[in-house]
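Asks: Have a look at the structure that comes next, please.
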Amino acid sequence: MDLEITPLALQGIEQKRPLVIAGPCSAETEEQVMETAQQLVHNGVKIFRAGVWKPRTKPGGFEGVGVEALPWMQRVKAETGMLTATEVATPEHVEAALKAGIDILWIGARTTANPFSVQAIADALKGVDVPVLVKNPVNPDIELWTGALLRINSAGIKRIGAIHRGFSSVDSKLYRNPPMWHLPIELKRRFPTLPIICDPSHMGGRRDLIAPLSQQAMDLGFEGLMVESHCNPDCAWSDAKQQVLPEVLDFILDRLVIRDSVEATESISQLRKQIDELDNQLMDLLTKRMRVSREIAEYKKLHNMTVVQTTRYSEILDKRGAQGALCGMSPDFIRDIYEHIHEESVRQQLEIINK
């Protein structure tokens, strides 16, 4: 299935990169909302975001003010001229947000992971023309992300986009939600006209990571940024460490390098031809490697040996990782490659042994 997409076409917003959506993680008080909005609009931000309903991982934390905060969002729009955006997780949220004139809705990561919830929201959006942005699911599952986009699109929402906020990981050392950039890149490959907006706040989980992650997103051709900005971030009621002052956000945006996306020049075309030739050589080498692996399988079958030899496997990973580092490549990158090669090798050996 494909997506039927029309440009977001937001009133009063120039269609240029990056599209910036900014505001506090949560709408806490009317004073906090208005103060943050006034500072942001002063710095040129035209779309104000704030969480009205806050689905928290564990109970007991601040879960948002709820519908009481919607008039504050209306006031932001009336007094600053900014468009407003908030997260919705239920049909009731959709109804209340639309009634309050919220301009942009987004679906959060936890909701995207549940097709039942996404479908309920899609049903509530039928007959409505409003931009909807869909965050990636918590776990690195591009099919869930794609499915959520298709469900919303099938409800008649053509002004649709994706938000990349990173994926949860049990062993992440630097990021709150590691980027795993290859997944949004694959999403863009599937749907070339789909706008993708990066959320560096949730991705990094730290305000000092917002600038480098924003630059990476721009370098990869993302259309926009959704950044959490608070008038007093250290005192924020939720996610304080990942929010920045509006003036800091202005500093970050001012220093972004925005590279044009243009057709490949002749020089790049020649280099890509070299890449194609090298890829052909890699495929030839992998074919030869698998052929040897199958010969090993015949030997193992003849001598009643198990397929996986863990000592040998560990030796390969260690040696190739060290080689990769010496060649200027990440050991983790090399390890990932050889894990996949080993997986395919085991699959082919099992076929032979079980004949």
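Going by numbering that gives the first Met the number 0, the residue at position 333 of the sequence shown is 332; the numbering climbs one at a time, nothing skipped. For glycine and all other residues, C-beta sits at the position ideal for the given N, C-alpha and C.
Taking C-alpha atoms, which residue in LEU18, GLY155, ASP218, LEU124 lies nearest to ALA95?
Replies: Here residue 95 corresponds to residue number 96 of the sequence shown, with the count starting at 1. Of the listed residues, the one whose Cα sits closest to ALA95 is LEU124.
Asks: Thinking C-beta only, is ALA108 closer than 8 Å to VAL131?
Replies: Here residue 131 is taken as the residue at index 132 of the sequence shown, counted from 1. Here residue 108 is taken as the residue at index 109 of the sequence shown, counted from 1. Going by C-beta atoms, VAL131 is not nearer than 8 Å to ALA108.
Asks: Check for me: the alpha helix (DSSP H) holding LEU325 runs from which residue to which?
Replies: Position 326 of the sequence shown, counted from the first residue, corresponds to residue 325. From DSSP, the alpha helix (DSSP H) with LEU325 extends over 309-325.
Asks: Is LYS299 helix, strand or coil when you go by DSSP?
Replies: Translated into positions along the sequence shown, residue 299 becomes position 300. Reduced to three states, the DSSP call for LYS299 is helix.
Asks: In whole angstroms, what is the alpha-carbon distance linking ASN231 and MET0?
Replies: Along the sequence shown, read from residue 1 onward, the residue named residue 231 stands at position 232. Along the sequence shown, read from residue 1 onward, the residue named residue 0 stands at position 1. Whole-angstrom Cα-Cα distance: 45 Å.
Asks: Would you call the region 263-274 and the region 56-68 in contact, with 3 or more CB pairs under 8 Å?
Replies: These segments do not touch.
Asks: Would DSSP call LEU208 helix, strand or coil?
Replies: Residue 208 sits at position 209 when you count from the first residue of the sequence shown. If DSSP states are grouped into helix, strand and coil, LEU208 belongs with the helices.
Asks: Taking the straight line between their C-alpha atoms, what separation do you get for THR145 and LEU2?
Replies: Position 146 of the sequence shown, counting from 1, holds the residue named residue 145. Position 3 of the sequence shown, counting from 1, holds the residue named residue 2. Using only the alpha carbons, I get a separation of about 9 Å.
Asks: Pick helix, strand or coil for MET282, following the three-state DSSP scheme.
Replies: Numbered from 1 along the sequence shown, position 283 holds the residue referred to as residue 282. Correct three-state label for MET282: helix.
Asks: Give a yes or no on whether the C-beta atoms belonging to GLU111 and LEU143 are separated by under 8 Å.
Replies: The residue you call residue 111 lines up with position 112 of the sequence shown. The residue you call residue 143 lines up with position 144 of the sequence shown. Correcting the residue type first, residue 111 is Thr in the shown sequence and not Glu. Contact flag set, yes.
Asks: How many angstroms separate the CA atom of ILE196 from the CA atom of LYS134?
Replies: Position 197 of the sequence shown, counting from 1, holds the residue named residue 196. Position 135 of the sequence shown, counting from 1, holds the residue named residue 134. For ILE196 and LYS134, the distance between alpha carbons rounds to 9 Å.
Asks: In terms of residues, what are the limits of the beta strand (DSSP E) holding ILE141?
Replies: Numbered from its first residue, the sequence shown carries residue 141 at position 142. From DSSP, ILE141 is part of no beta strand (DSSP E) but of the alpha helix (DSSP H) over 141-153.
Asks: Quick check: the region 234-242 against the region 22-32, are there 3 or more CB pairs under 8 Å?
Replies: Cβ pair count under 8 Å is three or more, so yes.
Asks: Going by the CB atoms, is the gap between ALA84 and TRP105 shorter than 8 Å?
Replies: Here the question's residue 105 lines up with position 106 in the sequence shown. Here the question's residue 84 lines up with position 85 in the sequence shown. For TRP105 and ALA84, yes; Cβs fall inside 8 Å.
Asks: Along the chain, where does the beta strand (DSSP E) containing LYS134 start, and where does it finish?
Replies: Within the sequence shown, numbered from 1, the residue matching residue 134 stands at position 135. 131-134 is the extent of the beta strand (DSSP E) around LYS134.
Asks: Need the endpoints of the beta strand (DSSP E) that GLU227 sits in, please.
Replies: As a first step, residue 227 must be located in the sequence shown, where it is residue number 228. From DSSP, the beta strand (DSSP E) with GLU227 extends over 223-227.
Asks: What do you reckon, are the CB atoms on ALA216 and PRO199 nearer than 8 Å?
Replies: Along the sequence shown, one-based indexing puts residue 216 at 217. Along the sequence shown, one-based indexing puts residue 199 at 200. Closer than 8 Å, so yes.
Asks: Check the C-beta distance from PRO183 over to HIS201 and give it rounded, since I have them as a contact under 8 Å.
Replies: One-based indexing of the sequence shown puts residue 183 at position 184. One-based indexing of the sequence shown puts residue 201 at position 202. The pair is not a contact, with the Cβ atoms about 14 Å apart (cut-off 8 Å).
Asks: Could you say if the region 16-24 and the region 207-225 meet the contact criterion of at least three C-beta pairs nearer than 8 Å?
Replies: Short answer: they touch.
Asks: Using beta-carbon positions only, say whether ILE12 and THR192 come within less than 8 Å of one another.
Replies: As a working mapping, residue 12 is identified with position 13 in the sequence shown. As a working mapping, residue 192 is identified with position 193 in the sequence shown. No. Outside cutoff.
Asks: Exposed or buried, which one is PRO178 when buried takes at least 16 other CB atoms within 10 Å?
Replies: In the sequence shown, counting from the first residue as 1, residue 178 sits at position 179. Flag for PRO178 reads buried.
Asks: What are the uninterrupted segments assigned as alpha helix (DSSP H) that are 4 or more residues long and contained completely in the region 79-109, given in chain order?
Replies: Counting whole runs of 4 or more residues, the region 79-109 contains the alpha helix (DSSP H) stretches 90-98.
Asks: So VAL345 and VAL306 are supposed to be a Cβ contact under 8 Å. How far apart are they, rounded?
Replies: The sequence position of residue 345 within the sequence shown is 346, counting from 1. The sequence position of residue 306 within the sequence shown is 307, counting from 1. The pair is a contact, with the Cβ atoms about 6 Å apart (cut-off 8 Å).
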